[in-house]
Structure formats: structure tokens, C-alpha cells
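Residue numbers (my numbering), protein chains in the order written: chain A, 72 to 226; chain B, 3 to 526.
One structure below.
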């Protein structure tokens, strides 16, 4: 299934924006609506956009299934390692030991109503990022498998 | 070491999850590394589970608060006396289920290392298997309604994917789809019920909801929406139709664990009827007891009568699994029916429940063993059709011995463990209603008849020419079956210590609902 040049070019232009917007939603998960799953899905729609604008075989040269699966596995492992680190450092499984401790995501949250600072919330943004990676990999692989049955070269 | 013991409830889920998530990476380095990793993961998961259960049986219930600075304090100082985080609450009943899942997972993973060695796609297979184990372990240890739903979904989805894993001309895919669809509908009903409770009581923790429950009309709707999906997932009769398909087409190692996953749903059903709704059913304990009893009797009788005419050995065993679930429902149902009558409860109610809960342990062991032997025969002969099998006793002596142990145990013949739990059920149910006890014995006789037929069809007779090449199965498969067979024999020969130290504490955990709530909220 090969769409017209207009569609293909538009998809090419929009693809990086999809990824960046998805990453934005993931990264601001602890401040605004959204988070790992939502951002990861937005990034995966970028992949869907590429697939529908081109043929399945042409896409496989650009996006490798192996890389997406690796992405998924790394995301899942990152989540688990972040959770276990809380157990190791003290407290319990999933203990938020980075919050308010200074350094990475460690700025203490200001008291009272405020728009929020990016560099807060401790382990939560890391978990969001892990979930985002996992969902991007997982959903994109699912999309690739589901759309692999599309007929090639329909008019 | 002390810190490690302290974090056991978290590790119980974290270890199988870690194994599942690392497998796609380890699998890239080759088959030997993957096999070693899977084996190590299974060993560590089982060790964590057994150590945790030992802690609970020796020192009483365990709490674990996820994400808290101190994992043993359920209600933080500044929260106003209510728990705000996800809590794992493992009492004796949960620990009993953890023991079952640990032993069974170790046996089936060992078995599948050999039985699935000829197939492709092993990375995802074992990842899904560890996810299934993690889901079941989570279901039986969580003290949070929404968390229970999450683990229910994890076990259902990975279970459905595993049922459909070996495509088998589309049959397995159909069974997997059916299982996935029914599980999803059931889980959605469960989720609606959790929403109804959360909207009214602002809490998800089982103990907190239980302490606030008013039994409003919405709570009654929630009770139905919680109980029916769980009864469906454990394969009780009017909703048993997915079991024969799913159990017979899944790879045998998976079927053996699907039995445990069904029993985790049974655990959920008991937890909800006793711990969550316990005191509110006061005026209707008899009604709800009879609800379980009728489900149980229907399952027992229809399960066994459907099993007798089956030609496919795994389908036959699946109907027997439905039938055996009936015994558990009957035993615990009698306990629930007499919960308001202290005299009857001490006289026979607790014994009936002990029989029901002991049967969960026994059933997981001998039914798992039977499914593994069926898998061993399929592994060597390539067929599950009883009419095509015969004379295998000449070629597969170990498998035959294991099958005999399993078949005698399921039929309730002493000295195997099926007898120990069925005897408890017979004698206590007889004092409640002799008629029910007679049905239970009749079902046992039919079970024996059915398994004598299967044994004859598979193992007896002269050696056949078409099976001349058939040999005994590889060592890991024998080892997997031997673990389960050893448990069947030990619990059959010496049931007393198991009943005293595991089953009766589990019965008390169900009956003494106030303890469950006090563990979280403190006081009585």
C-alpha cells in the first residue's frame, strides 16, 4: 500500500514531531496530565503514521522489530531496577528515595499552589520514562504485526 | 539476611518479573544461557515463595507497604489512621496458596525445559510463563482490591497467550481467544464492582472497605459482580465451558499451572465472601453457603459425567478438574453456611472448610501431575486420542507410575492425598446434610471408573508396532513429575502435620475476619 507523495512527505514531516510530543508527555508526566503510557502511545502513533503511508516492507528497512523489542525489554527492566533500588537503598520496594534529596529530580517541592518544577518528584519521572519506552516498543511491535497483512500496491 | 527476609513479599513478585523481563535479553546469548536463566529464575521464585510461607506459618501474617519508608507500618502517622499505599497482606490462607504456586511453578518449569525444547519462540514463552506465575503470586498476596484486579489481568492475559502459543491448526488459537474474551469480560465486571465500592467508601484496601461496608443496594450489586467472574475463572459449572478448550489445547506444562491460576480465583472468591463481606451476610450466611454448595455439587456431578465419554485425554482431565473444584466449593460452602452457628462451626464447619482448602493443595499437585503425564505421552506419541493409544506401559514405565499415583489420588484412594482431603469433606458434610456427602462419594466412584478406563486405554495391552520407537521422556520431565508425585505421597501418608500447621491456620484466617481487618487498622 503506497500512498501518494503528498501523504508520504507529510508523514515524514510529522513523524519527528509525534516522537518529540510523545517524549514531552512522558517527561512531564509528574506535572501535567499524561505520563508513561499516554506518551508512549503518542510515540507509537508516529510509527503507525509511517506504516500506513508506505508499504510494510519499506517500513521494515526503517524500523527494526528487534530494536523495538529491545526497547520494550529495556523499559521493563528500567522500571524494575528503579523499584528495586528503593528496596536496596532503604525503605521498601518502589520507595521514592530520590524525592527531595537534591540532584537528579531531587528539588524539594515548593509549598502552596505553584505551577511545579520539572526537576522534582524523584523516582516518578524515571518510572514514567521506563513505562514510556516499554509502551513505545510494545505498541509499535503490535502495530507492525497487525498491519503486516495489508495488501501491497493497491491503487 | 534480616533485611532480605523483611522484603520477601516484594521479592515474591519482583523475582518472577525480573526473570520475565530479562529473558528477551538473555535469550539473545544462546539457548544454554537461556535454559540456565529460566531454571535459576524458577528456583529463586520457588525459594522466595516457600521461605515467605514458612515465615507466615511460623510467625503470623506479614504486611508489606509498597513505596513506604517503613514497609511494616500500614497506616502512616500523618494519614489519619487509614492506609494510603498498596499493601500486600499475606495471612495463612495466602501463604497456603503461595506454597501451591511455588511448588507447582518449579515442577512445571523444570518439565517444560525438556517438553518445549523442540519448539521455537522460547524467549516469549518463558517470559509469559514467568508473568503468569507473578500474576498468580500477586493475586494471592495482595490486600488491595484494585491491585487484585491488576494481577488477575496479568495472569489472564499471559494465560490466554500461552494457551494459544502452539497454534495447532487454529484450535489452540480459538481456545486462547475464548479464554481471553471471557477473562476480560469477567475482569471488567470485577473492575465495575471495585469502582462501586471505591465510590462509596473512598478506599481500595480490602480491610478498610470491609470495615466500612454498609451493604447498601450498590454493595449487593458489587458482591454479585465480584463473585460471578471469580466463580467463572475457577471453572464452577454453569460457567465452566472455557475450561475443556483451554486446558486441552494449551501445552501441558501450562495446563498444569492454569489449574493453579484457577485456584487463585477460588482464593479470591473465598476472600471476598469471608473477609470482605463476611459479617454483612450475617442474616444470609445460609443463603450464600448454599450458593457455594450448589455451585459445588453441580460442578462435581456435571464435571464427572461430562468427563466419562471424552476421547481426548486432556479434555477428559479438564472435566475432572471442574469436578474436583466442586469439592472445594462444597467444603468451604458448608463452612460458610454454618458460620452463624458457633456450635455447628466447631462441630463440623471448620473441618469441612479444612477439607475444602486441603483439597486445593492436593488438587493442584495430583491434577498437575496428571496433566504432565498426559503431556509426556503426547510428547512421545503425538496424539491425545485414547482410541489410538495403548500398550505404553512397556515403553514409559516412569510415566505409568506417575499416572497411577495421580489417578489413585484423584479418585480418593488411600494412602494418597486425595483421600485425606475427601475424607475430611465426607465426614463433615455428612453431619450437615447426608445427601450431599453421598453425592460426593458417588462422584468419587465415577472418577475412579473414568481413570481406570483411561489407564487401561493408555498403558495396558500388548506393545503396539506404531509405538515401537517410543521411549521414556527426558530427565527434566521426569524430575518435574517426581516433585509433584513426592508431594502427593508425602501429604497422603502424613496429612496430620500439614492440616495442623497449614490448613487449620488458613481456615482460621478465613473465619476470623476481625483479625484480617485489625492487621491493617489495628485494635479489635
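For every residue, glycine included, the Cβ atom is placed at its ideal position computed from N, Cα and C.
Because the structure is a prediction, the values reported are computed rather than measured.
- In the structure shown, residue 65(B) falls within a strand segment according to DSSP collapsed to helix, strand and coil.
- Non-local C-beta neighbours of residue 178(A) in its own chain, meaning closer than 6 Å and more than five positions away in sequence, comprise 188, 190 and 191, ordered along the chain.
- Measuring C-alpha to C-alpha distances from residue 523(B) to each of 131(B), 145(B) and 9(B) identifies 145(B) as the nearest.
- When beta bridges are read from the DSSP output, residue 517(B) appears opposite no residue.
- Taking a C-beta distance under 7 Å as the contact criterion, residue 499(B) and residue 422(B) do not qualify as a contact pair.
- Here residue 250(B) is near residue 314(B), since their CB atoms are less than 7 Å apart.
- When the five nearest sequence neighbours on each side are left out, the beta carbons in the same chain lying within less than 7 Å of the beta carbon of residue 170(B) are those of 251, in order along the chain.
- For residue 163(A), the closest Cβ of chain B is nearer than 7 Å.
- For residue 91(B), the enclosing beta strand (DSSP E) begins and ends at 89–92.
- Among the residues facing chain A, residue 73(B) is included, as its CB has a counterpart in that chain under 7 Å away.
- Secondary structure of residue 221(B) (DSSP, three-state): helix.
- Chain-ordered, the chain B residues with CB closer than 8 Å to the CB of residue 167(A) read 69.
- Contact of residue 144(A) with chain B by beta-carbon distance below 8 Å involves 23, 24, 26 and 27.
- For residue 66(B), the C-beta contacts it makes with chain A under 8 Å involve 163 and 164, in order along the chain.
- For the set 355(B), 378(B), 448(B) and 71(B), the Cα lying nearest the Cα of residue 255(B) is the one of 378(B).
- Contact check for residue 303(B) against residue 338(B) fails: the beta carbons are separated by 7 Å or more.
- Contacts with chain A at 7 Å (Cβ-Cβ) include residue 20(B).
- Counting only residues of its own chain and dropping the five nearest sequence neighbours on each side, residue 239(B) has a CB closer than 6 Å to the CB of 300, 301 and 304.
- Using a Cβ distance threshold of 7 Å, residue 329(B) and residue 230(B) do not count as a contacting pair.
- Against chain A, a Cβ distance below 7 Å from residue 12(B) picks out 158, 163 and 164.
- Taking 8 Å as the upper bound for CB-CB distance, residue 509(B) and residue 356(B) are in contact here, some 5 Å apart.
- The beta carbons of residue 203(A) and residue 105(A) sit no closer together than 7 Å.
- For residue 140(A), the chain B residues whose Cβ falls inside 8 Å of its Cβ are 26, in order along the chain.
- A Cβ-Cβ distance of about 6 Å is found for the pair residue 167(B) and residue 253(B), placing them in contact under the 8 Å criterion.
- Under the three-state reduction of DSSP, residue 118(B) is assigned to coil, being neither helix nor strand.
- Per DSSP, the unbroken alpha helix (DSSP H) holding residue 301(B) starts and ends at 287–309.
- Assignment of residue 364(B) by DSSP, reduced to helix, strand and coil, places it in the helix class.
- The count of Cβ pairs closer than 8 Å, one atom from the region 28–37 of chain B and one from the region 58–66 of chain B, stays below three, leaving the stretches out of contact.
- The alpha-carbon separation between residue 185(B) and residue 49(B) amounts to approximately 30 Å.
- Below 8 Å, enough C-beta pairs join the region 131–149 of chain A and the region 193–209 of chain A to call them touching: three or more.
- For residue 389(B), the secondary structure class from DSSP, reduced to helix, strand or coil, is coil.
- Closer than 7 Å to the CB of residue 214(A) there is not a single CB belonging to chain B.
- Residue 363(B) is positioned such that its CB atom lies closer than 7 Å to that of residue 102(B).
- Taking a Cβ-Cβ cut-off of 8 Å, the neighbours of residue 151(A) in chain B comprise 16, 19, 20 and 23, given in sequence order.
- Residues of the region 100–122 of chain A with a Cβ closer than 9 Å to any Cβ of chain B: none.
- Per the DSSP secondary-structure output, residue 146(B) pairs in a beta bridge with 207(B).
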